[in-house]
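Residue numbers (the numbering used here): 1 to 260.
Think of the CB as a built atom: it goes at the ideal place given N, C-alpha and C, for glycine as much as any other residue.
As the structure is a computational prediction, the values presented were derived from the model and not from experiment.
To start, the structure itself, in structure tokens.
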Amino acid sequence: MKSKLVLAVLFILLILSACASPISESEVPSESVPSLFEVPSNSNVVSSLTIKDKSVDGGRFSIEGFHVAGNLVGTADSVVYHNIAEVYEKSTYILYGTAQNIGYWDETGTGQTLYDFVIEKSYKGTLQPGDKITILSPGGYYRLSKFIELNGKERFPDLTEEEIENTVYKKTYMGAPLVENGEKYVVFLDYSEGIPPFPDGVYDEVGAFQGRFYYKDAETLMRYTPENEPNFYQDSETRSTAKQEFTLPELEAEIAACVE
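See below:
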């Protein structure tokens, strides 16, 4: 929860400077974004599971019909988990499965993603294959109306009420990709404490983008490395960088080694 509050504070500092500029059509990114990842051949596993629905709505919203006014890139959690062992130790649950029912959440004035996750494999914790849970992930879209509700309208004196109600901004942390519907991930999670305004009954990705491995291609899972910080996972003492790309069996072996 501490990392959530850090992200919220960093966000507000960033948005106060970034949102001073008027909205222009040139800032609007394409709404039709192709999938970044190729879905693996075992994508039909979910359909064969007996689903136990533990998901919650959490107050998520869709950006359908909104005008996307721009993209903002912020900094992430200051704690770096250099390797699998470090993020394993921080996590209460480690799971493999499929993202579904993606929506967004902005009750702190920053963009986050709320999505359901159907578990296919469980490597740590009490959750089981077939459980469907809800995960809160840093990065997403936030409504301008919510930001103004929390922080005031001073930065947007010329916008009409209609423009305010129909505008969203995209927010990422160090450019990390957002969760995509139907994609498979290995996620390292904690259970949310549900302290208002954060929704109760959801799970949090550990270390922002550091707690999610996604498919780089049909065989390779990877953690996001910030483009402008290629040495993001480098150990400051040893000056070495642990491996960040694995096949699923390789990643499972790394996780298993943390138990021994």
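For residue 79, no beta strand (DSSP E) run applies, since DSSP gives it neither H nor E. The C-beta distance from residue 92 to residue 65 rounds to 37 Å, too long to fall under 8 Å, and the pair is not in contact.
Taking the Cα positions, residue 55 is about 20 Å away from residue 178.
Cβ contact annotation for residue 95 (same chain, cutoff 6 Å, sequence separation greater than five): 119, 122, 187, in chain order.
DSSP lists no bridge partner for residue 145. Sixteen is the threshold: since fewer than 16 other Cβ atoms of the shown chains lie within 10 Å of the Cβ of residue 239, the residue is exposed. Contact annotation: the segment 142 to 156 does not touch the segment 207 to 216, with fewer than three C-beta pairs closer than 8 Å. Going by beta carbons, residue 203 and residue 191 fall inside the 8 Å limit. Less than 8 Å divides the Cβ of residue 222 from the Cβ of residue 245. Assignment of residue 71 by DSSP, reduced to helix, strand and coil, places it in the strand class.
Between residue 74 and residue 112, the C-beta spacing is not below 8 Å.
The DSSP-derived three-state label of residue 121 is strand.
Annotation: residue 257 to residue 158 spans about 58 Å, alpha carbon to alpha carbon.
Around the CB of residue 87, 16 or more other CB atoms lie within 10 Å, so the residue is classed as buried.
Residue range 248 to 257 is occupied by the alpha helix (DSSP H) that includes residue 249. Going by beta carbons, residue 168 and residue 102 fall outside the 8 Å limit.
Residue environment analysis places residue 69 among the buried positions, since at least 16 neighbouring C-beta atoms fall within 10 angstroms of its C-beta. The DSSP assignment places 140 to 143, 167 to 173, 184 to 191, 203 to 205, 212 to 215 as complete runs of the beta strand (DSSP E) inside the segment 138 to 222, in order along the chain (cut-off: 3 residues).
If you draw a straight line from the Cα of residue 59 to the Cα of residue 201, it comes to about 12 Å.
According to the DSSP assignment, residue 103 belongs to the beta strand (DSSP E) that extends over 93 to 105. Linking residue 46 to residue 226 through their CA atoms gives a straight-line distance of about 31 Å. For the pair residue 212 and residue 97, the Cα-to-Cα distance works out to about 11 Å. Between residue 176 and residue 224, the alpha-carbon positions lie close to 6 Å from each other.
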